[in-house]
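K.L.:
My questions will all concern the structure given below.
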Amino acid sequence: MHKALKTIAVLAAIALPLAAEGGSDTKGKYFFKKSCKTCHVAGGTAQEVTPLSKTQAQWKAYFATGKHKKGAEKLESLVKPEQVKDIQAFLTNHASDSPQPMTCGG
Amino acid sequence: MNSRITLALVAMLAPAALSAQSNEDLQKQIQQLKVQLKAIEEKAAAVQEVDARLVKVETKVAGNNIQWGGDLRTRFDSTQQHFQPYQQFMGFANNPGYTLGGFNPANPYTYPFMPVSQQMPAQDMSNSVQWSTRLRLNMGITINENAKVMGRLVMYKTHGGADVPTFNGSPNTISTSFTAGQTPATDALLVERASLVYHFPAVASILSIGRQNTSDGPPFEVREGSERNATPQALAVNATIDGIGWKFELEKLGFPEGTLLGFCYGVGYESGFGGGGAVKQNSTIVGMNFTGFNGTNPSVITPVVGTIGPLKDTTVLGVMYDMPLLFQLGESVHSANLYLGYNRMGNMTDIPYGNTINFPIPGQTPSPQYVTATANLGDMDQMTATWKHKIGDTFTYFLSGGYLKSHPNGRVSQYGAYWTMPAALGGNTVQVTGFGGLMGDPVKSETATAYYVGVRYDPTPTFGMGVEFNHGSPRWWTYTPATGEYTDKLGARGDVWEGYIHYRFAQNAALRLGYIDYKYTTAMSGWQIGPSPMSGSWEAANDLSKNPLLQYGYPSTIKNFYASIEVKF
Numbered sequence: 008m009h010k011a012l013k014t015i016a017v018l019a020a021i022a023l024p025l026a027a028e029g030g031s032d033t034k035g036k037y038f039f040k041k042s043c044k045t046c047h048v049a050g051g052t053a054q055e056v057t058p059l060s061k062t063q064a065q066w067k068a069y070f071a072t073g074k075h076k077k078g079a080e081k082l083e084s085l086v087k088p089e090q091v092k093d094i095q096a097f098l099t100n101h102a103s104d105s106p107q108p109m110t111c112g113g
Numbered sequence: 006m007n008s009r010i011t012l013a014l015v016a017m018l019a020p021a022a023l024s025a026q027s028n029e030d031l032q033k034q035i036q037q038l039k040v041q042l043k044a045i046e047e048k049a050a051a052v053q054e055v056d057a058r059l060v061k062v063e064t065k066v067a068g069n070n071i072q073w074g075g076d077l078r079t080r081f082d083s084t085q086q087h088f089q090p091y092q093q094f095m096g097f098a099n100n101p102g103y104t105l106g107g108f109n110p111a112n113p114y115t116y117p118f119m120p121v122s123q124q125m126p127a128q129d130m131s132n133s134v135q136w137s138t139r140l141r142l143n144m145g146i147t148i149n150e151n152a153k154v155m156g157r158l159v160m161y162k163t164h165g166g167a168d169v170p171t172f173n174g175s176p177n178t179i180s181t182s183f184t185a186g187q188t189p190a191t192d193a194l195l196v197e198r199a200s201l202v203y204h205f206p207a208v209a210s211i212l213s214i215g216r217q218n219t220s221d222g223p224p225f226e227v228r229e230g231s232e233r234n235a236t237p238q239a240l241a242v243n244a245t246i247d248g249i250g251w252k253f254e255l256e257k258l259g260f261p262e263g264t265l266l267g268f269c270y271g272v273g274y275e276s277g278f279g280g281g282g283a284v285k286q287n288s289t290i291v292g293m294n295f296t297g298f299n300g301t302n303p304s305v306i307t308p309v310v311g312t313i314g315p316l317k318d319t320t321v322l323g324v325m326y327d328m329p330l331l332f333q334l335g336e337s338v339h340s341a342n343l344y345l346g347y348n349r350m351g352n353m354t355d356i357p358y359g360n361t362i363n364f365p366i367p368g369q370t371p372s373p374q375y376v377t378a379t380a381n382l383g384d385m386d387q388m389t390a391t392w393k394h395k396i397g398d399t400f401t402y403f404l405s406g407g408y409l410k411s412h413p414n415g416r417v418s419q420y421g422a423y424w425t426m427p428a429a430l431g432g433n434t435v436q437v438t439g440f441g442g443l444m445g446d447p448v449k450s451e452t453a454t455a456y457y458v459g460v461r462y463d464p465t466p467t468f469g470m471g472v473e474f475n476h477g478s479p480r481w482w483t484y485t486p487a488t489g490e491y492t493d494k495l496g497a498r499g500d501v502w503e504g505y506i507h508y509r510f511a512q513n514a515a516l517r518l519g520y521i522d523y524k525y526t527t528a529m530s531g532w533q534i535g536p537s538p539m540s541g542s543w544e545a546a547n548d549l550s551k552n553p554l555l556q557y558g559y560p561s562t563i564k565n566f567y568a569s570i571e572v573k574f
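Heads up: the sequence lines are chains A and B, in that order. If you're matching positions, the first sequence starts at 8 in my numbering and goes up one per residue. If you're matching positions, the second sequence starts at 6 in my numbering and goes up one per residue.
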């Protein structure tokens with residue numbers, strides 16, 4: 008038991024530096040629903056968007072520009088910068104080519 | 006004068022000079038244009054090349070309409086099993102001590118025939134090194150904007166010679182349609198899932214027909230560190246079920262986004278397929294039993310032939326409710342799910358159709374053995390509920406509970422030996438060995454309960470650890486032939502602890518270390534059936550600590566250490 012705890016502690020220590028600097032997946036899902044899905048839904052005022060709409064690389068490229076509405080406005084003018092990070096984490100983690108692709112339903 | 010001449014000369018020579026300068030410029034411009042033209046030609050060639058490549062890619066994508074994903078797991082297991090003393094059932098023999106006066110209907114040892122058993126001592130069994138590999142290929146095929154075909158192909162086997170599993174009394178060592186891809190079997194790719202999923206936006210519903218997503222359901226994803234894999238709760242079923250599901254999206258009725266109410270119908274056994282439907286009426290001989298005993302005259306005991314059937318289809322009708330919640334409390338975002346399920350399993354059979362790869366035959370080489378259902382034993386109600394709550398990205402806990410109630414029809418399995426008692430002695434068909442009746446009682450309705458709880462802590466996005474516990478009452482049963490473990494844990498009659506750490510050492514690649522401690526109280530975990538007690542209560546007769554009479558030995562404890570490498574793609 009003592010050995011097992013030691014192993015866990017060592018692995019935790021190794022894991023900490025590897026922690027991604029990205030945002031929160033859970034928060035990202037929440038803010039995506041709250042901020043983006045108000046318009047980006049089927050039958051909404053903007054084209055429907057789900058994590059499956061792009062690949063991981065495409066989401067990364069999209070967020071690198073920091074632009075919304077094809078460059079007409081900055082993303083950060085719509086959503087707080089930390090929330091943008093969270094949304095990016097959620098969309099990238101569940102993109103069409105991710106190991107866990109998903110829509111936004113459940 | 007000189008100035009005039011100079012002016013005249015300048016006037017004469019100026020156009021020529023200008024002309025020379027223009028030519029030079031033109032030459033330069035032509036050169037520049039040539040360079041530009043060359044660059045344009047090169048770009049055009051590059052565009053043509055890109056275009057040709059794009060056509061190739063588009064053609065390939067158009068032809069490749071199957072999207073693939075999946076996972077590969079290689080796992081090491083080290084296991085120690087302990088068996089408490091039990092009486093090994095050997096068969097029946099004439100009872101030399103039988104007397105009319107001594108006959109007691111409640112005590113089979115006073116019958117003219119009595120069970121013969123051999124006392125087995127406590128035993129330990131160790132399998133310190135076992136490797137297994139599981140490859141799962143998930144596929145999605147878009148048919149049109151509302152229709153998809155979803156599938157999963159699985160190869161899951163232990164390392165070494167293929168086809169290793171040996172029937173040891175546990176249902177998860179039988180290869181059946183339900184266990185395809187769930188228990189280690191062969192190196193063949195088996196179809197675990199294959200269903201057409203059709204979305205009807207007009208009526209906010211989703212229809213799914215085929216081999217359903219009924220394995221690794223909630224809350225199993227917590228341990229796996231993944232998204233939910235199936236709709237039915239893990240405590241209800243963790244096997245492959247063929248059938249139809251129809252889910253209604255309740256969001257438009259004011260329920261939280263993603264709330265679903267689903268109905269399902271599945272077939273567990275089709276009695277009309279193969280053999281011209283013979284088992285619907287018939288009578289394939291499977292054994293010999295005794296009837297006509299009146300308690301006073303042994304000579305009227307009549308041997309009867311045990312037969313398979315007649316069998317009806319085994320079905321399941323279910324209702325499920327799935328309500329996801331996503332909300333913010335202060336700075337923290339919470340994600341929760343409430344799952345409720347009810348299943349009515351009709352005309353349940355004693356065992357599923359399937360085969361055991363290495364069936365132990367005393368005195369002979371183990372060989373493949375085909376097993377078949379012999380009787381419908383009755384119906385069963387199953388209710389399950391699960392609450393899962395994730396706080397931020399770091400802490401998740403879940404609570405899951407199950408309840409069972411049987412509705413037996415008086416019949417028993419034809420595997421084993423039974424007596425049909427005369428009316429004066431109760432009139433019941435009593436089976437003291439073999440598989441018996443539904444939940445151990447062919448006549449009386451019985452109940453069972455179980456619960457399953459767990460927590461997981463992910464201090465970083467790459468490292469998580471968790472603890473789980475599940476408990477099943479003595480008659481508990483759930484069809485979870487395997488849940489990725491060395492042996493099924495959610496069907497355990499007793500207590501099971503599991504602790505694990507899950508370390509993602511690279512993108513989509515993880516190491517898992519864990520320990521599972523099983524403590525069984527009662528024999529026949531994983532079975533929905535059981536023989537009647539020879540005397541006393543059923544619970545006492547099957548209590549592993551009380552030297553029970555058993556046809557197969559069941560371990561009282563299993564200690565399992567495991568390590569696995571898991572990659573997703």
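Every residue gets a Cβ at the ideal spot worked out from N, C-alpha and C, and that includes glycine.
Using a Cβ cut-off of 7 angstroms, which residues of the stretch 27–38 of chain A contact any Cβ in chain B, in chain order?
P.N.:
Here the close residues are A27, S31, D32, T33, K34, K36 and Y37.
K.L.:
Are B/T354 and B/I313 close, meaning C-beta to C-beta below 8 angstroms?
P.N.:
Against the second sequence, residue 354 of chain B aligns to sequence position 349. Against the second sequence, residue 313 of chain B aligns to sequence position 308. Against a cut-off of 8 angstroms, the Cβ pair of B/I313 and B/T354 comes out as no contact.
K.L.:
Using a C-beta cutoff of 8 angstroms, does A/L23 count as contacting chain B?
P.N.:
Translated into positions along the first sequence, residue 23 of chain A becomes position 16. Bear in mind that the predicted position of A/L23 carries a pLDDT of just 47, short of 50, making it too unreliable to give a figure here.
K.L.:
Taking Cβ to Cβ, would you say B/R498 is nearer than 8 angstroms to B/P486?
P.N.:
Counted from its first residue, the second sequence places residue 498 of chain B at position 493. Counted from its first residue, the second sequence places residue 486 of chain B at position 481. Not in contact: B/R498 and B/P486 (Cβ atoms no closer than 8 angstroms).
K.L.:
Check whether the stretch 504–514 of chain B and the stretch 527–546 of chain B are in contact - that is, three or more C-beta pairs closer than 8 angstroms.
P.N.:
Taking 8 angstroms as the limit for Cβ pairs, the verdict is that the stretch 527–546 of chain B does not touch the stretch 504–514 of chain B.
K.L.:
What are the boundary residues of the beta strand (DSSP E) that B/W392 is part of?
P.N.:
Start at 1 with the first residue of the second sequence, and residue 392 of chain B comes out as number 387. It spans N381 to I396 - the beta strand (DSSP E) in which B/W392 sits, taken as one unbroken run.
K.L.:
For chain A, find out if any of its Cβ atoms is closer than 8 angstroms to the Cβ of B/D398; answer yes or no.
P.N.:
The residue labelled residue 398 of chain B in the question sits at position 393 within the second sequence. Chain A, which has a Cβ nearer than 8 angstroms to the Cβ of B/D398, makes this yes.
K.L.:
What does the alpha-carbon distance come out to for the pair B/G215 and B/W481?
P.N.:
Along the second sequence, one-based indexing puts residue 215 of chain B at 210. Along the second sequence, one-based indexing puts residue 481 of chain B at 476. B/G215 and B/W481: Cα-Cα distance of roughly 29 angstroms.
K.L.:
Using a cut-off of 7 angstroms between C-beta atoms, extract the partners of A/Q107 located in chain B.
P.N.:
Here residue 107 of chain A corresponds to residue number 100 of the first sequence, with the count starting at 1. Ordered by position in chain B, the residues that pass the 7 angstroms Cβ test against A/Q107 are S231 and E232.
K.L.:
Under DSSP, the beta strand (DSSP E) around B/V121 begins and ends at which residues?
P.N.:
For this step, residue 121 of chain B is matched to residue 116 along the second sequence. Looking at the DSSP string, the run of the beta strand (DSSP E) that includes B/V121 is F118 to M125.
K.L.:
Nearest chain A C-beta to B/L331 closer than 8 angstroms, yes or no?
P.N.:
Position 326 of the second sequence, counted from the start, is the residue given in the question as residue 331 of chain B. Yes, B/L331 counts as interfacial toward chain A.
K.L.:
So, for B/E473: in the same chain, excluding its five sequence neighbours on each side, which residues have a beta-carbon less than 6 angstroms away from its beta-carbon?
P.N.:
Here residue 473 of chain B corresponds to residue number 468 of the second sequence, with the count starting at 1. Excluding positions up to five away in sequence, the list reads G459 and E503.
K.L.:
Would DSSP call B/N565 helix, strand or coil?
P.N.:
Numbered from its first residue, the second sequence carries residue 565 of chain B at position 560. Reduced to three states, the DSSP call for B/N565 is strand.
K.L.:
What does B/N565 reach in chain A if we use C-beta pairs closer than 8 angstroms?
P.N.:
The sequence position of residue 565 of chain B within the second sequence is 560, counting from 1. Simply none; closest approach about 14 angstroms.
K.L.:
Would B/K573 count as contacting chain A if we go by Cβ distances under 8 angstroms?
P.N.:
If you number the second sequence from 1, residue 573 of chain B lands on position 568. Chain A contact via Cβ: present.
K.L.:
Using C-beta distances below 6 angstroms, list every residue in its chain close to B/V501, excluding the 5 sequence neighbours before and after it, in chain order.
P.N.:
If you number the second sequence from 1, residue 501 of chain B lands on position 496. Counting only Cβ-Cβ distances below 6 angstroms, and skipping sequence neighbours, we find N475, K494 and Y523.
K.L.:
Assuming A/D93 is part of the alpha helix (DSSP H), what are its boundary residues?
P.N.:
Position 86 of the first sequence, counting from 1, holds the residue named residue 93 of chain A. It spans P88 to N100 - the alpha helix (DSSP H) in which A/D93 sits, taken as one unbroken run.
K.L.:
Taking Cβ-Cβ distances below 9 angstroms as the criterion, which residues of the stretch 382–395 of chain B are in contact with chain A?
P.N.:
Residues K395.
K.L.:
Which one or two residues does DSSP pair with B/D522 in a beta bridge?
P.N.:
For the purposes of this step, residue 522 of chain B is identified with residue 517 of the second sequence, where counting begins at 1. In the DSSP output, where bridge partners are listed per residue, B/D522 has B/W502 and B/K564.
K.L.:
Going by Cα to Cα distance, which pick from B/Y344, B/V324 and B/M350 is closest to B/G383?
P.N.:
Against the second sequence, residue 383 of chain B aligns to sequence position 378. Of the candidates B/Y344, B/V324 and B/M350, the one whose C-alpha sits nearest the C-alpha of B/G383 is B/M350.
K.L.:
Round the Cβ separation of B/G519 and B/Y457 to the nearest angstrom and send it over; I've been treating them as touching at under 8 angstroms.
P.N.:
The residue given as residue 519 of chain B occupies position 514 in the second sequence. The residue given as residue 457 of chain B occupies position 452 in the second sequence. Going by Cβ atoms, the distance from B/G519 to B/Y457 rounds to 16 angstroms, so no, they are not a contact pair.
K.L.:
For B/T319 and B/G273, I'd like the C-alpha separation in whole angstroms.
P.N.:
Counted from its first residue, the second sequence places residue 319 of chain B at position 314. Counted from its first residue, the second sequence places residue 273 of chain B at position 268. Going from the Cα of B/T319 to the Cα of B/G273 covers about 5 angstroms.
K.L.:
Going by beta carbon distance, what residues of the same chain come within less than 7 angstroms of B/M95, once the five residues before and after it are set aside?
P.N.:
For the purposes of this step, residue 95 of chain B is identified with residue 90 of the second sequence, where counting begins at 1. Once the five neighbours on either side are set aside, the close Cβ partners of B/M95 are V121, S122 and Q123.
K.L.:
If you check the beta carbons only, do B/G323 and B/Q238 fall under 8 angstroms apart?
P.N.:
Here residue 323 of chain B refers to the residue found at position 318 of the second sequence. Here residue 238 of chain B refers to the residue found at position 233 of the second sequence. Cβ atoms of B/G323 and B/Q238: not closer than 8 angstroms.
K.L.:
Per DSSP, which one or two residues make a beta bridge with B/V272?
P.N.:
As a first step, residue 272 of chain B is located in the second sequence; it is residue number 267 there, counting from the start. According to DSSP, B/V272 bridges with B/D247 and B/T320.
K.L.:
Go ahead and pull the three-state DSSP assignment for B/S450.
P.N.:
To locate residue 450 of chain B, count along the second sequence from 1; it is residue 445. Three-state DSSP puts B/S450 in coil, outside helix and strand.
K.L.:
At 8 angstroms on the CB atoms, spell out the chain A contacts of B/N513, in chain order.
P.N.:
Here residue 513 of chain B corresponds to residue number 508 of the second sequence, with the count starting at 1. Per Cβ cutoff of 8 angstroms: P106.
K.L.:
At the level of alpha carbons, what is the spacing between B/T391 and B/I366?
P.N.:
On the second sequence, residue 391 of chain B is found 386 positions in, with the first residue counted as 1. On the second sequence, residue 366 of chain B is found 361 positions in, with the first residue counted as 1. For B/T391 and B/I366, the distance between alpha carbons rounds to 43 angstroms.
K.L.:
Taking the alpha-carbon positions, what's the A/D104 to B/G368 distance?
P.N.:
Translated into the one-based positions of the first sequence, residue 104 of chain A becomes position 97. Translated into the one-based positions of the second sequence, residue 368 of chain B becomes position 363. When rounded, the distance between both Cα atoms is 55 angstroms.
K.L.:
So that I know if they touch, is there some Cβ in chain A lying closer than 8 angstroms to that of B/S372?
P.N.:
Within the second sequence, the letter at position 367 stands for residue 372 of chain B. B/S372 does not count as touching chain A.
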